[in-house]
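Here the structure comes first, spelled out in structure tokens, and everything after it is commentary.
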Amino acid sequence: MTAAPALLLFLTPALPAGLALAAAALLLRLEHRGRPLATLGPLAALALLALALARAPLAGPALAPLAAGLVVAALARDRANLLHSECALKLLWVMGGALALSAAGLSLLALATGVGPVGEQWGVLRLGLTPRPVWSAALPLALLAGLVMLGGAPFHFWVADLFQGARPWLAPLAVAALQAAGAAWIAWRLGGIAGFPEGAALARAVLATAAIAVFLVSAGTLVSQRRPERRVGTLASLQAGLALAGLAATLAPEAGARAAAAWRLAPWAAHLALALTGAAALARFMPVPASPDAPGGALFRRHPASGLAGLFALFSLAGVPGTPGAQLWLDAARGLSAAGQTGALLALGAGWVAAFATVMQQVREAFGVPARTPPGRAVPWEARAALWTAGAGLVALAVAWRLAGRP
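Under this note's numbering, the residue at position 281 of the sequence shown is numbered 1054, and the numbers go up by one with no gaps.
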């Protein structure tokens, strides 16, 4: 009985974000072993990213630019790292441009309605005094920042680039914080839109179309990818599709958009923090086989239990049955079915099949074929501890959802 209240803390992103921070700190220690002072600056940035992730379900529009600026600053801090600099430049022009266009959309809605608060704008628009072309152009612009920060197609490239180019202690928390901030932006912008049925219908169409694009583009991308880090990035983009699908489903005529979206955002962000942490740490020790009969990586040959802990996070990210991530995929499918979004539901199915096939291929490559050669050096304990932290956190998350009767 005493364990139940502690497990229920996993229903919010706070404790999962803390575990992700602990795993990131272990990987940071591994990289700067023997130089503890060199970890202070990166550790402060990681703590702020974890805080942003933990506060995402309750955050307003300010979280999006703050999270984007923090990630860009953390990447640009190491000037000698060319991959970090490249990722920082990409994020700066992609997210900076999206935030600028969304600000233009917000300003256009405010000018057209004469009021600033989001909830009051829908009431003014419902009167029919504002020409439809004005608000129908401004609303998608206002949502653009959230779509880009989620990593939705055609802006999904930054997610895989960040996982491949950024250090393993930074990429998972950075991507999770940015995606959670993007989902929070959309939930905030659509708050109270149920009182304006025409606007809700337009927003539902925009989000459903974006979800279809994410699922189909990510499914096609997974087929051709060979690098484990980029595979994890594309699986993270599929999580953006789940968020868009859930948000679109809440905009059905009988749903209260803000309440339903906020309820969905917390478990989605909690799972995202742990699954990305474990999958990204695992990807650094996964081989890129040159042939089908190549031997497996050192992690699975010397520490198979730790490898399985990392695989559990990867499986959950792909929605493999029996993992907490599968519940999120199933809930998104049920929501789309109830909302009558057949096209998005079929696209979700295609995305899930591609994700499942990819992780099965990853398992085969991880274990490889039996080899007579020695497995190489042992994997550092910090990396193994990070894998176990993420895997144990996901197990606790699944138990907490079962205790609560819902994700």
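Every residue gets a Cβ at the ideal spot worked out from N, C-alpha and C, and that includes glycine.
Since the model is a prediction, treat every value here as computed from it, not as a measurement.
- Going by DSSP, R1075 is part of the alpha helix (DSSP H) stretching over 1071 to 1075.
- For H857, the enclosing alpha helix (DSSP H) starts and ends at 855 to 886.
- Rounded to whole angstroms, A1078 and L1072 show a C-alpha spacing of 9 Å.
- Contact holds between the segment 837 to 855 and the segment 947 to 958, because three or more Cβ pairs, one in each stretch, are under 8 Å apart.
- Proximity of the segment 952 to 968 to the segment 920 to 927 meets the contact definition, three or more beta-carbon pairs being nearer than 8 Å.
- Inclusion of G1014 and V987 in the CB contact set at 7 Å is warranted, their separation being smaller than that value.
- Residues of the same chain with a CB within less than 7 Å of the CB of F1088, apart from the 5 flanking positions on each side, are T1096, V1132 in chain order.
- Annotation for H1044: the continuous alpha helix (DSSP H) segment containing it runs 1030 to 1056.
- In the DSSP annotation of this structure, V1061 is not part of any alpha helix (DSSP H), being labelled neither H nor E.
- One alpha carbon belongs to A992, the other to G1092, and they sit about 14 Å apart.
- An exposed status is given to R999, since fewer than 16 other beta-carbon atoms sit within 10 Å of its beta-carbon.
- CA-CA distance, L914 to A954, rounds to 17 Å.
- Burial is judged here by how many other beta carbons sit within 10 angstroms of a residue's own beta carbon; G901 has fewer than 16 and is exposed.
- Cα atoms of L1160 and L801: separation of roughly 14 Å, rounded to the nearest angstrom.
- One thing to note: T1007 has its Cβ no nearer than 7 Å to the Cβ of T1023.
- In the three-state scheme derived from DSSP, where H, G and I count as helix and E and B as strand, W1174 is classed as helix.
- For L1081, same chain residues with a beta-carbon under 7 Å away, outside a window of 5 residues either side, do not exist.
- Rounded to the nearest whole angstrom, the CA to CA distance from L810 to R850 is 15 Å.
- Within the same chain, Cβ atoms closer than 7 Å to the Cβ of A787 are found at A827, the five residues on either side in sequence being excluded.
- For Q937, the closest C-alpha among the options P1040, V1005, W866 is that of V1005.
- Taking C-beta atoms under 8 Å as the contact rule, A1018 and L1121 qualify, at a distance of about 6 Å.
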